[in-house]
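Numbering (our numbering), first residue to last: -18 to 259.
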């Protein structure tokens, strides 16, 4: 399988993203660049979560966490989250359109379906049928309350002709989607409290933090997620605490604060030349 195209009209810092990955290009390696804070990691995480998790009920909680961060403007009933074009091993091009919407949109959609047939699997509804001007099938994936406490739903329009084909396709696709990222990365598919714990030391165990314990559990569920350490966040925090204490001790002795904190800050920023950490 190959990802041919990804489009993200409006998600967090991502605006009007449209990337094509030519199927005949060799090697199949496509670097993505932007300014610091331009959304590279957000884009990769969004692709990973939608394609790796949305077809698996056991992983849908991570899609829900992404929905918590989605906004649907008052004047809109639905908005595209991301669109994908994928080339299968059989050289068939499959299109997936993930979009968020309000309940009223789903209600109108179902009532307009000709000869509708709805399958219910737990919290997943497969809607078979078509509206007069729409070619394709719809799958209802999940719902969540966003940061404004508005209930929003995630649906996917897909180009396969049957629900069984969709399920088989998503299962195979999920197994071929991977994400590698620094363990200190803030992941958009984790609960807000888990990301916050990244910067908090577990006082009961100086060698670990709640964040790393949570990540161990996450990686057991998301087998295609790989994290690596360059400089562990907890180690950095301990360095700054030590420098702060040294500067404070010097202030007590001499009446002037030391510069240990500033020196550590300058040294770290010199290591990460293209990314300013602090």
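Glycine included, every Cβ here is placed at the ideal spot set by N, Cα and C.
Close-in-space but distant-in-sequence residues of the same chain around residue i (CB under 6 Å, 5 per side omitted)
i, result
"residue 170", "30, 43, 46 and 47"
"residue 231", "239"
Buried or exposed (CB count within 10 angstroms, at least 16 for buried), residue i
i, result
"residue 193", "buried"
"residue 178", "buried"
"residue 175", "buried"
"residue 118", "buried"
"residue 71", "exposed"
"residue 100", "Note that residue 100 scores 43 on pLDDT, short of 50, meaning its location in the model is unreliable and no value can be drawn from it."
"residue 209", "exposed"
"residue 84", "exposed"
"residue 23", "buried"
Assigned secondary structure, residue i (DSSP; H/G/I helix, E/B strand, else coil)
i, result
"residue -13", "strand"
"residue 160", "strand"
"residue 69", "coil"
"residue 228", "helix"
"residue 201", "helix"
"residue 30", "helix"
"residue 241", "helix"
Contact belief for residue i with residue j at Cβ below 8 Å, rounded distance in angstroms
i, j, result
"residue 123", "residue 28", "Not really, about 18 Å apart at Cβ, beyond 8 Å."
"residue 140", "residue 32", "About 15 Å; that fails the 8 Å criterion."
Close beta carbons around residue i, own chain, < 7 Å, minus the five adjacent residues each side
i, result
"residue -10", "-3 and 61"
"residue 125", "45, 48, 49 and 133"
"residue 241", "224, 227 and 228"
Cross-strand partners of residue i (DSSP beta bridge)
i, result
"residue 209", "163"
"residue 195", "Answer by DSSP bridge pairing: none, since residue 195 is not bridged."
"residue 118", "139"
"residue 126", "132"
"residue -1", "-12"
"residue 60", "81"
"residue 44", "In DSSP, residue 44 forms no bridge with anything."
"residue 75", "67"
Own chain, CB closer than 8 Å to residue i, minus 5 neighbours either side, in chain order
i, result
"residue 50", "-7, 127, 128 and 169"
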